[in-house]
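Visitor: Have a look at this one before I ask anything.
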Ligand code: DAT
Ligand code: MG
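In full-length UniProt numbering, the protein residues as written are 1 to 148.
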């Protein structure tokens, strides 16, 4: 089944939003397949955001991501990449709809609380980068109650 990489950024951890965010993905019906609290090195953050290395905000973005621990997760389910992005909301919290994570909990683009993979291909790359050790193989017993 489809998987995505979701990361609660340092502001989300500091602000005590970890439980709230995990709860939203759990209640939707997605399955938690990987989870760890980790403070990443500068070179690792630069690798994660390599596609944005030419952007003027890149240095600030890297500083922000390495400023404290983040919660790295793998979530699984039907259409989890696209639906995960909808749960997260638009990149700039000024444009994020209320009811989304960024719409409900963020003000500024540079403190937007959470990351989610933008495609199946980037999810694959990001999961490999953040979870080189692999992820859990468990299956939820709720499956038939969520899927027909
Ligand atoms: P997203 O996180 O919604 O996938 P992105 O991949 O385009 O957005 O950018 C990654 C992060 O970089 C984003 O969450 C916040 C920051 N960012 C993006 N555009 C920015 C901008 N114009 N100014 C400052 N920070 C920006
Ligand atoms: Mg992105």
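Virtual Cβ for every residue (Gly too), placed ideally from N, Cα, C.
Given the structure is predicted, the values throughout are model-derived calculations rather than measurements.
Short check: CB of residue 2 to CB of residue 79, under 8 Å?
Guide: yes
Visitor: Count the other CB atoms within 10 Å of the CB of residue 77; is the residue buried (16 or more) or exposed (fewer)?
Guide: buried
Visitor: Any idea if residue 152 is buried or exposed, counting beta-carbon neighbours within 10 angstroms, 16 or more meaning buried?
Guide: Since the first and last residues shown for the chain are 1 and 148, residue 152 lies out of range.
Visitor: Note down, in chain order, each residue of its chain lying with its Cβ closer than 7 Å to the Cβ of residue 105, except the 5 sequence neighbours on either side.
Guide: Excluding residues within five positions, the ones whose Cβ falls inside 7 Å are 17 and 113.
Visitor: Straight-line CA distance for residue 25 to residue 40?
Guide: 24 Å
Visitor: With DSSP run on the structure shown, which of helix, strand or coil describes residue 148?
Guide: coil
Visitor: Please enumerate, following chain order, all residues with a beta carbon closer than 7 Å to at least one heavy atom belonging to the ligand MG.
Guide: Working through the chain, the matches are 115 and 118.
Visitor: Ignore the nearest five residues each way along the sequence and tell me which others in residue 96's own chain have a CB closer than 6 Å to its CB.
Guide: 89, 90, 102 and 103
Visitor: Which of the three DSSP states, helix, strand or coil, is assigned to residue 10?
Guide: helix
Visitor: Ignore the nearest five residues each way along the sequence and tell me which others in residue 126's own chain have a CB closer than 6 Å to its CB.
Guide: 5 and 117
Visitor: Closest to residue 75 by C-alpha separation, out of 62, 99 and 140, would be which residue?
Guide: Restricting attention to 62, 99 and 140, the CA atom closest to the CA of residue 75 is found in 140.
Visitor: Buried or exposed for residue 84, going by 16 or more other Cβ atoms inside 10 Å?
Guide: By the 16-neighbour rule on beta-carbons within 10 angstroms, residue 84 is buried.
Visitor: Assuming residue 135 contacts residue 33 (C-beta within less than 8 Å), just tell me the rounded distance between them.
Guide: 5 Å
Visitor: Going by DSSP, which residues form a beta bridge with residue 72?
Guide: 7 and 36
Visitor: Within the continuous beta strand (DSSP E) that includes residue 151, where are the two ends?
Guide: One cannot answer for residue 151 here, as it falls past the ends of the chain, which runs 1 to 148.
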